[in-house]
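In short: position in the sequence shown from 1, add 1, done, that's our numbering. Idealized CB from N, CA, C, for every residue including glycine. Single-structure report; data block below.
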Amino acid sequence: MNFSRIEPHPDLNQLIECYWTMQSDEASPSIEKIIPDGFTELIFNYGSVYKSKNKDGWCLQSPNLLAGQISSYFYLENTGPTASVAIKLKPAALTQLFSLNMQQYLDKIVDLDTFPHAELANLKEKIFPFKDEKHLKQILDDYFISRSTTAAENPIKDTLSLIFSSNGMASVAEMLHVAQVGERQLERLFKRYVGLSPKYYSRIIRFNYIFQLLKTKDCTWSEIVFRSGYYDQSHFIRNFKAFTGEDPSTYYFEEKNMANFFLKKTD
(Lines of atoms letter the chains of each structure in order from A and count residues from 1; the text may use other names and numbers.)
(Lines give C-alpha, C1' and ligand atoms only; values in the text may rest on other atoms or scores of the structure.)
Protein backbone atom coordinates (compact mmCIF):
# COMPACT_ATOMS: atom_id res chain seq x y z
CA MET A 1 0.00 0.00 0.00
CA ASN A 2 1.48 3.32 -1.09
CA PHE A 3 0.53 6.54 0.69
CA SER A 4 1.41 10.08 -0.27
CA ARG A 5 0.77 13.24 1.75
CA ILE A 6 0.54 16.45 -0.30
CA GLU A 7 0.84 19.86 1.35
CA PRO A 8 -1.76 22.41 0.22
CA HIS A 9 -1.05 26.01 -0.77
CA PRO A 10 -0.05 28.17 2.25
CA ASP A 11 -3.14 30.34 1.72
CA LEU A 12 -5.23 27.30 2.72
CA ASN A 13 -3.51 26.79 6.06
CA GLN A 14 -6.65 27.64 8.05
CA LEU A 15 -8.87 25.27 6.06
CA ILE A 16 -6.91 22.27 4.76
CA GLU A 17 -4.65 19.96 6.77
CA CYS A 18 -3.38 18.08 3.71
CA TYR A 19 -4.32 16.21 0.57
CA TRP A 20 -3.47 12.53 0.39
CA THR A 21 -3.45 9.68 -2.08
CA MET A 22 -3.39 5.95 -1.49
CA GLN A 23 -2.97 3.07 -3.91
CA SER A 24 -2.68 -0.68 -3.53
CA ASP A 25 -2.62 -3.38 -6.20
CA GLU A 26 -3.39 -6.05 -3.61
CA ALA A 27 -6.68 -7.75 -4.46
CA SER A 28 -6.92 -9.91 -1.33
CA PRO A 29 -9.12 -8.48 1.43
CA SER A 30 -7.19 -6.82 4.26
CA ILE A 31 -8.69 -5.19 7.35
CA GLU A 32 -7.46 -1.74 8.40
CA LYS A 33 -8.22 -0.03 11.70
CA ILE A 34 -9.11 3.67 11.50
CA ILE A 35 -8.31 5.75 14.60
CA PRO A 36 -9.49 9.28 15.48
CA ASP A 37 -7.08 12.03 14.42
CA GLY A 38 -9.27 15.13 14.84
CA PHE A 39 -9.86 15.92 11.16
CA THR A 40 -12.71 15.45 8.71
CA GLU A 41 -12.26 14.20 5.16
CA LEU A 42 -13.66 14.19 1.65
CA ILE A 43 -12.62 10.89 0.06
CA PHE A 44 -12.85 9.82 -3.58
CA ASN A 45 -12.17 6.17 -4.42
CA TYR A 46 -11.38 5.43 -8.04
CA GLY A 47 -10.37 1.83 -7.37
CA SER A 48 -12.41 -0.82 -5.61
CA VAL A 49 -14.63 0.43 -2.82
CA TYR A 50 -14.26 -0.47 0.85
CA LYS A 51 -16.47 -2.16 3.38
CA SER A 52 -16.73 -0.58 6.83
CA LYS A 53 -17.62 -2.22 10.11
CA ASN A 54 -19.81 -0.54 12.70
CA LYS A 55 -22.09 -1.76 15.48
CA ASP A 56 -24.48 -3.19 12.88
CA GLY A 57 -21.78 -5.20 11.10
CA TRP A 58 -20.06 -4.78 7.72
CA CYS A 59 -21.55 -2.61 4.98
CA LEU A 60 -20.34 -1.63 1.51
CA GLN A 61 -19.26 2.00 1.20
CA SER A 62 -19.93 4.32 -1.71
CA PRO A 63 -16.96 5.45 -3.82
CA ASN A 64 -17.23 9.14 -2.88
CA LEU A 65 -17.52 9.98 0.79
CA LEU A 66 -17.71 12.63 3.47
CA ALA A 67 -16.24 11.43 6.76
CA GLY A 68 -17.16 13.38 9.88
CA GLN A 69 -15.27 13.33 13.16
CA ILE A 70 -14.96 9.89 14.74
CA SER A 71 -14.99 9.38 18.49
CA SER A 72 -13.44 5.90 18.49
CA TYR A 73 -11.85 3.35 16.16
CA PHE A 74 -13.59 1.38 13.42
CA TYR A 75 -12.53 -1.01 10.65
CA LEU A 76 -12.26 -0.90 6.85
CA GLU A 77 -11.76 -3.80 4.44
CA ASN A 78 -10.88 -3.51 0.76
CA THR A 79 -12.88 -5.42 -1.85
CA GLY A 80 -10.04 -5.45 -4.41
CA PRO A 81 -7.17 -3.22 -5.63
CA THR A 82 -7.72 0.29 -4.30
CA ALA A 83 -6.91 3.87 -5.24
CA SER A 84 -8.07 6.99 -3.41
CA VAL A 85 -7.71 10.77 -3.37
CA ALA A 86 -8.76 12.70 -0.28
CA ILE A 87 -8.87 16.13 1.29
CA LYS A 88 -8.19 16.17 5.01
CA LEU A 89 -9.81 19.33 6.36
CA LYS A 90 -9.17 21.41 9.44
CA PRO A 91 -11.75 20.68 12.17
CA ALA A 92 -14.16 23.57 11.41
CA ALA A 93 -13.61 23.80 7.64
CA LEU A 94 -16.67 21.91 6.41
CA THR A 95 -18.89 24.34 8.32
CA GLN A 96 -16.93 27.36 7.12
CA LEU A 97 -16.90 26.27 3.48
CA PHE A 98 -20.22 24.47 3.10
CA SER A 99 -22.33 25.53 6.13
CA LEU A 100 -22.62 21.98 7.46
CA ASN A 101 -23.65 21.25 11.04
CA MET A 102 -20.92 18.78 11.97
CA GLN A 103 -22.80 17.30 14.90
CA GLN A 104 -25.02 15.62 12.29
CA TYR A 105 -21.99 13.77 10.88
CA LEU A 106 -20.34 12.57 14.08
CA ASP A 107 -19.21 8.95 13.61
CA LYS A 108 -20.74 8.92 10.14
CA ILE A 109 -19.43 8.31 6.64
CA VAL A 110 -21.95 9.56 4.09
CA ASP A 111 -22.35 9.09 0.36
CA LEU A 112 -21.35 12.26 -1.50
CA ASP A 113 -23.08 11.14 -4.72
CA THR A 114 -26.47 11.49 -3.05
CA PHE A 115 -25.50 14.24 -0.63
CA PRO A 116 -28.04 17.12 -0.49
CA HIS A 117 -25.41 19.76 -1.24
CA ALA A 118 -24.77 20.29 -4.95
CA GLU A 119 -21.25 21.70 -4.56
CA LEU A 120 -20.04 18.70 -2.55
CA ALA A 121 -21.95 16.16 -4.63
CA ASN A 122 -20.26 17.49 -7.81
CA LEU A 123 -16.76 17.96 -6.40
CA LYS A 124 -15.49 14.71 -7.93
CA GLU A 125 -16.17 16.13 -11.39
CA LYS A 126 -13.61 18.87 -10.68
CA ILE A 127 -10.95 16.40 -9.51
CA PHE A 128 -11.04 13.65 -12.16
CA PRO A 129 -9.20 13.02 -14.31
CA PHE A 130 -5.84 14.25 -13.05
CA LYS A 131 -2.44 13.57 -14.61
CA ASP A 132 -0.21 13.22 -11.55
CA GLU A 133 0.19 14.51 -7.99
CA LYS A 134 1.39 17.93 -9.12
CA HIS A 135 -1.67 18.33 -11.30
CA LEU A 136 -3.93 17.04 -8.51
CA LYS A 137 -2.49 19.56 -6.06
CA GLN A 138 -3.07 22.38 -8.55
CA ILE A 139 -6.69 21.33 -9.11
CA LEU A 140 -7.41 21.14 -5.38
CA ASP A 141 -5.51 24.34 -4.52
CA ASP A 142 -7.35 26.29 -7.21
CA TYR A 143 -10.73 24.98 -6.11
CA PHE A 144 -10.30 25.59 -2.39
CA ILE A 145 -8.62 28.99 -2.80
CA SER A 146 -11.59 30.06 -4.90
CA ARG A 147 -14.00 28.59 -2.36
CA SER A 148 -12.18 30.22 0.56
CA THR A 149 -13.15 33.70 -0.63
CA THR A 150 -16.68 33.06 0.66
CA ALA A 151 -15.73 30.96 3.68
CA ALA A 152 -17.43 31.94 6.94
CA GLU A 153 -15.42 33.13 9.92
CA ASN A 154 -14.45 30.47 12.44
CA PRO A 155 -15.71 31.57 15.90
CA ILE A 156 -13.65 28.87 17.65
CA LYS A 157 -10.42 29.53 15.75
CA ASP A 158 -8.48 30.77 18.80
CA THR A 159 -9.73 27.92 20.99
CA LEU A 160 -8.72 25.35 18.40
CA SER A 161 -5.29 27.01 18.12
CA LEU A 162 -4.91 26.70 21.89
CA ILE A 163 -5.90 23.03 21.82
CA PHE A 164 -3.34 22.26 19.11
CA SER A 165 -0.54 24.39 20.59
CA SER A 166 -1.03 22.73 24.00
CA ASN A 167 -1.26 19.27 22.39
CA GLY A 168 -4.73 18.85 23.85
CA MET A 169 -3.67 19.70 27.39
CA ALA A 170 -5.31 23.13 27.81
CA SER A 171 -7.77 23.34 30.69
CA VAL A 172 -11.42 24.26 30.26
CA ALA A 173 -10.71 27.54 32.06
CA GLU A 174 -7.94 28.35 29.56
CA MET A 175 -10.23 27.54 26.64
CA LEU A 176 -13.01 29.74 28.00
CA HIS A 177 -10.58 32.60 28.58
CA VAL A 178 -9.47 32.45 24.94
CA ALA A 179 -12.99 31.95 23.57
CA GLN A 180 -14.52 34.78 25.61
CA VAL A 181 -17.83 32.90 25.82
CA GLY A 182 -19.49 30.74 28.47
CA GLU A 183 -18.93 26.99 28.73
CA ARG A 184 -22.34 26.08 27.29
CA GLN A 185 -21.92 28.43 24.35
CA LEU A 186 -18.44 27.07 23.61
CA GLU A 187 -19.79 23.53 23.69
CA ARG A 188 -22.60 24.48 21.28
CA LEU A 189 -20.13 26.10 18.90
CA PHE A 190 -17.80 23.09 18.99
CA LYS A 191 -20.61 20.66 18.31
CA ARG A 192 -21.75 22.71 15.32
CA TYR A 193 -18.32 23.44 13.84
CA VAL A 194 -16.41 20.30 14.89
CA GLY A 195 -18.98 17.71 15.94
CA LEU A 196 -17.52 17.05 19.38
CA SER A 197 -17.32 18.89 22.70
CA PRO A 198 -14.11 20.88 23.32
CA LYS A 199 -13.10 18.48 26.10
CA TYR A 200 -13.54 15.36 24.00
CA TYR A 201 -11.82 16.96 21.03
CA SER A 202 -8.89 17.86 23.29
CA ARG A 203 -8.67 14.21 24.33
CA ILE A 204 -8.24 13.20 20.69
CA ILE A 205 -5.50 15.78 20.08
CA ARG A 206 -3.69 14.72 23.24
CA PHE A 207 -3.93 11.09 22.12
CA ASN A 208 -2.47 12.12 18.72
CA TYR A 209 0.48 13.71 20.50
CA ILE A 210 1.60 10.26 21.67
CA PHE A 211 2.44 9.37 18.07
CA GLN A 212 4.44 12.56 17.62
CA LEU A 213 6.46 11.80 20.76
CA LEU A 214 7.17 8.28 19.53
CA LYS A 215 8.69 9.70 16.34
CA THR A 216 11.59 11.09 18.39
CA LYS A 217 12.67 7.51 19.24
CA ASP A 218 14.20 8.63 22.56
CA CYS A 219 11.13 8.76 24.84
CA THR A 220 10.45 6.06 27.40
CA TRP A 221 6.86 5.10 28.15
CA SER A 222 7.11 6.94 31.48
CA GLU A 223 8.24 10.10 29.68
CA ILE A 224 5.45 9.77 27.12
CA VAL A 225 2.85 9.41 29.89
CA PHE A 226 4.20 12.52 31.63
CA ARG A 227 4.72 14.67 28.52
CA SER A 228 1.28 13.86 27.13
CA GLY A 229 -0.39 15.02 30.33
CA TYR A 230 -1.84 11.79 31.74
CA TYR A 231 -2.20 11.43 35.49
CA ASP A 232 -0.50 8.04 35.55
CA GLN A 233 0.18 5.01 33.38
CA SER A 234 -3.23 3.41 34.01
CA HIS A 235 -4.97 6.63 32.88
CA PHE A 236 -2.78 6.66 29.77
CA ILE A 237 -3.58 3.01 28.97
CA ARG A 238 -7.35 3.52 29.45
CA ASN A 239 -7.35 6.44 27.02
CA PHE A 240 -5.19 4.61 24.49
CA LYS A 241 -7.53 1.61 24.57
CA ALA A 242 -10.58 3.87 24.18
CA PHE A 243 -9.24 5.23 20.90
CA THR A 244 -7.54 2.12 19.50
CA GLY A 245 -9.07 -0.90 21.23
CA GLU A 246 -5.54 -2.02 22.08
CA ASP A 247 -2.99 -1.80 24.85
CA PRO A 248 -0.06 0.49 23.84
CA SER A 249 2.38 -2.35 24.56
CA THR A 250 0.81 -4.48 21.82
CA TYR A 251 0.06 -1.75 19.27
CA TYR A 252 2.15 -1.93 16.06
CA PHE A 253 3.42 1.66 15.88
CA GLU A 254 5.82 0.91 13.02
CA GLU A 255 3.34 -0.93 10.81
CA LYS A 256 2.68 0.75 7.48
CA ASN A 257 -1.07 1.26 7.66
CA MET A 258 -3.65 4.02 7.33
CA ALA A 259 -3.82 4.88 11.03
CA ASN A 260 -0.05 5.26 11.48
CA PHE A 261 0.31 7.18 8.23
CA PHE A 262 -2.06 9.87 9.46
CA LEU A 263 -1.22 9.91 13.17
CA LYS A 264 2.52 10.03 12.57
CA LYS A 265 2.03 12.51 9.70
CA THR A 266 4.31 10.48 7.46
CA ASP A 267 5.33 11.91 4.09
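For this session: Would you kindly report the start and end of the unbroken beta strand (DSSP E) that includes residue 162?
Result: Within the sequence shown, residue 162 is the residue found at index 161, counting from 1. Premise fails: residue 162 lies in the alpha helix (DSSP H), 158-166, not in any beta strand (DSSP E).
Exercise. Below 7 angstroms between beta carbons: does that hold for residue 64 and residue 79?
Worked result: The sequence position of residue 64 within the sequence shown is 63, counting from 1. The sequence position of residue 79 within the sequence shown is 78, counting from 1. Going by C-beta atoms, residue 64 is not nearer than 7 angstroms to residue 79.
For this session: Going by DSSP, name the residue or residues bridged to residue 269.
Result: Any question about residue 269 goes unanswered here, given that the chain covers just 2 to 268.
Exercise. Does the stretch 197-206 come within contact of the stretch 167-176, defined as at least 3 CB pairs closer than 8 angstroms?
Worked result: Enough Cβ pairs lie closer than 8 angstroms, so yes.
For this session: To the nearest angstrom, report how far apart residue 197 and residue 177 are at their CA atoms.
Result: The sequence position of residue 197 within the sequence shown is 196, counting from 1. The sequence position of residue 177 within the sequence shown is 176, counting from 1. Whole-angstrom Cα-Cα distance: 16 angstroms.
Problem set entry | residue 77 vs residue 53 beta-carbon contact at 7 angstroms | Locating residue 77 in the sequence shown gives position 76, counting from the first residue. Locating residue 53 in the sequence shown gives position 52, counting from the first residue. Note that the C-beta distance between residue 77 and residue 53 is below 7 angstroms.
For this session: Give the single residue among 55, 82, 59, 41 whose Cα lies nearest to the Cα of residue 66.
Result: For the purposes of this step, residue 66 is taken as the residue at position 65 of the sequence shown. Shortest Cα-Cα distance from residue 66 to any of 55, 82, 59, 41 involves 41.
Exercise. Anyone know if the C-beta pair for residue 179 and residue 163 falls short of 7 angstroms?
Worked result: Here residue 179 refers to the residue found at position 178 when the sequence shown is read from its first residue. Here residue 163 refers to the residue found at position 162 when the sequence shown is read from its first residue. Yes, these two residues count as a Cβ contact at 7 angstroms.
Problem set entry | Neighbourhood of residue 111 by C-beta, 6 angstroms cutoff - its chain only, sequence neighbours within 5 removed | Residue mapping note: residue 111 aligns to position 110 of the sequence shown, counting from 1. When the five nearest sequence neighbours on each side are left out, the beta carbons in the same chain lying within less than 6 angstroms of the beta carbon of residue 111 are those of 67, in order along the chain.
For this session: Using 10 angstroms around the beta-carbon of residue 121, count the other beta-carbons present and answer buried if the total reaches 16, otherwise exposed.
Result: What you label residue 121 is simply residue 120 of the sequence shown in a count that begins at 1. That one is buried.
Exercise. Expressed to the nearest angstrom, what Euclidean distance is found between the alpha-carbon atoms of residue 242 and residue 249?
Worked result: Taking the first residue of the sequence shown as 1, we reach residue 242 at position 241. Taking the first residue of the sequence shown as 1, we reach residue 249 at position 248. Residue 242 and residue 249 have their C-alpha atoms some 8 angstroms from each other.
For this session: List the residues that DSSP assigns as beta-bridge partners of residue 237.
Result: Your numbering for residue 237 matches position 236 in the sequence shown. Residue 237 pairs with nothing; no bridge assigned.
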